[in-house]
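*Asks:* Numbering (mature numbering (1 follows the signal peptide of the UniProt record, and there is no 0)), first residue to last: -18 to -1, 1 to 468.
The C-beta atom is built at its ideal place from N, Cα and C for all residues, glycine as well.
This one's a predicted model, so the numbers in the text were calculated from it and none came from an experiment.
#1: Can you tell me whether DSSP reads residue 307 as helix, strand or coil?
#2: According to DSSP, is residue 417 part of a helix, a strand, or is it coil?
#3: Measure the C-alpha to C-alpha separation of residue 444 and residue 37 and round it to an integer number of angstroms.
#4: So, with DSSP's three-state summary, where would you put residue 208?
#5: Can you give me the Cβ contacts of residue 194 inside the same chain, cut-off strictly under 6 Å, excluding the 5 residues immediately before and after it?
#6: If you measure between the beta carbons of residue 323 and residue 364, is that distance less than 8 Å?
#7: Given a cut-off of 8 Å on the beta-carbon distance, is the pair residue 131 and residue 162 in contact?
#8: Using a Cβ-Cβ cut-off of 6 Å (strictly less than) and excluding sequence neighbours within five positions of residue 251, which residues of its own chain qualify?
#9: Contact defined as beta carbons within less than 8 Å: I believe residue 217 pairs with residue 326. What is the distance between those atoms, to the nearest angstrom?
#10: Decide if residue 261 is buried, meaning its Cβ has at least 16 other Cβ atoms within 10 Å, or exposed.
#11: Less than 8 Å separating the beta-carbons of residue 118 and residue 77?
#12: In the DSSP assignment, find the beta strand (DSSP E) that holds residue 465 and state where it starts and stops.
#13: Using CA atoms only, rank isn't needed, just tell me which of 208, 212, 210 and 204 is closest to residue 220.
#14: Looking only at its chain, what residues have a beta carbon closer than 6 Å to the beta carbon of residue 89, apart from the 5 residues adjacent to it on each side?
#15: Excluding five sequence neighbours on each side, which residues of the same chain lie with their C-beta closer than 8 Å to the C-beta of residue 159?
#16: Relative to the C-alpha of residue 390, which candidate in 317, 190 and -5 has its C-alpha closest?
#17: With 16 other CB atoms within 10 Å as the buried threshold, where does residue 48 fall?
#18: Helix, strand or coil: which one does DSSP assign to residue 148?
#19: With residue 444 as the anchor, note down where its beta strand (DSSP E) starts and where it stops.
#20: Let's see if you can read the secondary structure: which residues bound the beta strand (DSSP E) around residue 410?
#21: Output the distance between the C-alpha atoms of residue 128 and residue 45, rounded to the nearest integer angstrom.
#22: Pick out whichever of 183, 94 and 407 has its Cα sitting closest to the Cα of residue 143.
#23: Ends of the alpha helix (DSSP H) at residue 73?
#24: With the cut-off set at 8 Å, would you say residue 456 and residue 399 are in Cβ contact?
#25: DSSP puts residue 377 in a beta bridge; with which residues?
#26: Suppose only complete runs of 3+ residues qualify. What are the beta strand (DSSP E) ranges in the region 319 to 362, listed by chain order?
#27: Starting from residue 480, trace the beta strand (DSSP E) in both directions and tell me its first and last residue.
#28: Look at the Cβ atom of residue 360, then the Cβ atom of residue 427, and state whether they are nearer than 8 Å.
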């Protein structure tokens, strides 16, 4: 072997050994990193599962100790446990827990069939102000049976890039939430509400939007089909084509048959139609919304007179009544006035600013079930909806800056308490210029005639009364408000 070859061999061997060492070390490092990442994933998975199991066990303990009963409202301990765990869960556990909460009726508690029913029960676990970004809710059976999340309140939550596949979301509220990049695939959103909801890039795909309501939203970057835009109702909404819809001309979607046509036996035939509470008791006679109607409350063959309030009087029912088929339930709304019947929205919606050019504070919509044991059916004069003061707190209607308005009359009843005291104060430039107090009952509707002109605000304050039903609250139910903005 020549000296040159020997020299090359002597130089190559160390280089090859060094290269082998480097490659081997890189492979060992890569294997070690992969093992470390695997261990981290396993540790995180174990941590997530422990957090999930602990929450399930804690929920059982809360149930055993009565902390999930109605008497434990507002369920502070349950919500503290849930929120503490939620902040540590990954998107998979957040999804699993939503399944669990719905199955245990801790959310979406109302017995919803279509999703359009009256929703009177409050969720035990509150989802508001939490993040559900990137969750994927999907039915295990696909199109066979949709995942049941009916009537859940996703209010004031973040659902960025959330996906709902084959999910029944009938009656669900997404009010004031963020759904940017969300996708609804073959899901049902019948009577769902989207009030001031962020919907940039939201894809409704092949989902059912019958009776859904969109209020104060921008849909220019959302994906809706023409069929879906015909199914839903829009108020102060910018459509995908850039058109601004101030108010849908009709209320669309499925309307549950809530009234039975009948003729009161003690009244002569009339062109008006009657509606009943489905227990054999006639609730009233309905005519056109701009015409006078008659309230008749009958038990068997006896009739009860409705009252029109023009002075501060008590509506407590006397022992005997003088039956009158001509007593108006709804006072005429004269020329220049507008009849507000609250039929533009679905149940649970806060009336938005600008509705009929007025500003509304703590005014909430309720879909009335005639069979409901409350005073809401008594107040219902036309359509399906009434307005009420949320939580029994003061309700305010105003005309906004540099405007005044007038109130002619409205129909009202107490929702939960008999002998409910309602104080109404009319303001102009911060000063009270009108004041009136009435006493309402749960079984009698009343036409409250104010004839207040030149006010910029009216405040409704409720107090007193005696509890008439299981559910309580200092609540006034209102329908057919006759007003004019100048």
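*Replies:* This is what the structure gives:
#1: Note that residue 307 scores 32 on pLDDT, short of 50, meaning its location in the model is unreliable; the coordinates nonetheless yield the value given after this. The answer is coil: DSSP assigns residue 307 none of H, G, I, E or B.
#2: Here residue 417 sits in strand by DSSP.
#3: Roughly 41 Å between the two C-alpha positions.
#4: helix
#5: 171, 174 and 214
#6: Their beta carbons are under 8 Å apart, which means residue 323 touches residue 364 by this criterion.
#7: No, Cβ-Cβ distance for residue 131 and residue 162 is not below 8 Å.
#8: Residue placement at residue 251 cannot be trusted, given a pLDDT of 33 that sits under 50; what the coordinates show is reported in the next sentence. Around residue 251: no qualifying Cβ.
#9: Yes, they are in contact, since the Cβ atoms of residue 217 and residue 326 sit about 6 Å apart, within 8 Å.
#10: Low confidence applies here, because residue 261 scores a pLDDT of 29, under 50, leaving its location unreliable and the question unanswered by this model.
#11: yes
#12: 458 to 467
#13: 204
#14: 83, 105, 107 and 134
#15: 136, 137, 138, 139, 140, 141, 179 and 180
#16: For residue 390, the nearest C-alpha among the options comes from 317.
#17: By the neighbour-count criterion, in which 16 or more other beta carbons inside 10 Å mark a residue as buried, residue 48 falls on the exposed side.
#18: Look at residue 148 here: in three-state DSSP terms it is coil, with no helix or strand label.
#19: Per DSSP, residue 444 belongs to the beta strand (DSSP E) from 439 to 445.
#20: It spans 402 to 410 - the beta strand (DSSP E) in which residue 410 sits, taken as one unbroken run.
#21: 28 Å
#22: 183
#23: 73 to 85
#24: yes
#25: 442
#26: If we require 3 residues or more, the beta strand (DSSP E) runs fully inside the region 319 to 362 come out as 320 to 322, 341 to 343 and 345 to 349.
#27: Only positions -18 to 468 of the chain appear in this structure, which leaves residue 480 out of reach.
#28: yes
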